[in-house]
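Residue numbers (the working numbering): 2 to 124. All C-beta atoms in this analysis are idealised placements derived from N, C-alpha and C, irrespective of residue type, glycine included. Computed from a predicted structure; not experimentally measured. Inspection log for the structure reproduced underneath, given as structure tokens.
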């Protein structure tokens with residue numbers, strides 16, 4: 002059962018992006034983004050295989066903000082947020098709060114961190 006203040010760390014894939022082109026670039030010119038790059042290799046007449054590649058691995062820290070008892074027979078809810086620890090060890094804080102049932106939260110923290118098998122392209 003999760004408790005307020007618990008922090009769960011999970012390994013997660015990240016992809017590195019660079020902005021290219023001429024002229025002035027507004028915003029960062031290179032950055033890490035959570036998730037994988039998806040590529041499709043076509044073999045024959047539309048048949049093929051999908052590959053997921055990541056440029057590095059970082060972590061997400063899932064912080065439990067509260068476990069709330071609901072009225073009547075409604076299941077308890079978990080309020081949580083997560084911060085990202087990027088592959089270059091910088092931290093990306095988030096203030097967005099998510100709400101799920103306790104069962105869904107337990108699936109989130111005990112299941113596979115990422116939905117697909119992926120391959121690291123560089124360390």
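Pairwise C-alpha distance: residue 3 and residue 101: Here residue 101 refers to the residue found at position 100 of the chain shown. Here residue 3 refers to the residue found at position 2 of the chain shown. One C-alpha to the other measures close to 12 Å.
Within a Cβ cutoff of 7 Å, which residues of the same chain sit near residue 95, ignoring the five residues on either side of it in sequence? Here the question's residue 95 lines up with position 94 in the chain shown. So the list reads 82, 83, 84, once near-sequence residues are dropped.
The beta strand (DSSP E) spanning residue 45 covers which residue range? Looking up residue 45 in the chain shown gives position 44. It spans 38-45 - the beta strand (DSSP E) in which residue 45 sits, taken as one unbroken run.
CA-to-CA distance, residue 77 to residue 8, given in whole angstroms: As a position in the chain shown, residue 8 is number 7, starting the count at 1. As a position in the chain shown, residue 77 is number 76, starting the count at 1. Between residue 8 and residue 77, the C-alpha separation is close to 19 Å.
Selection from 17, 70, 43, 49 that minimises the alpha carbon distance to residue 103: Locating residue 103 in the chain shown gives position 102, counting from the first residue. Taking only the C-alpha atoms, the option nearest residue 103 is 70.
Three-way DSSP call (helix, strand, coil) for residue 169 in this model: Residue 169 is absent from the structure shown; the chain starts at 2 and stops at 124.
Using a Cβ-Cβ cutoff of less than 7 Å, which residues in the same chain neighbour residue 39 once the five nearest sequence positions on both sides are dropped? Within the chain shown, numbered from 1, the residue matching residue 39 stands at position 38. Excluding residues within five positions, the ones whose Cβ falls inside 7 Å are 51, 53.
Quick one: residues in its chain with C-beta nearer than 7 Å to the C-beta of residue 93, no 5 flanking neighbours on either side, listed in chain order? For the purposes of this step, residue 93 is taken as the residue at position 92 of the chain shown. If we look at residue 93 and ignore the five residues flanking it on each side, its Cβ neighbours are 84, 85, 87.
Considering only residues of the same chain and omitting the five flanking positions on each side of residue 14, which have a CB-CB separation below 7 Å? For the purposes of this step, residue 14 is taken as the residue at position 13 of the chain shown. Correct list, in chain order: 36, 37, 55, 58, 115, 119.
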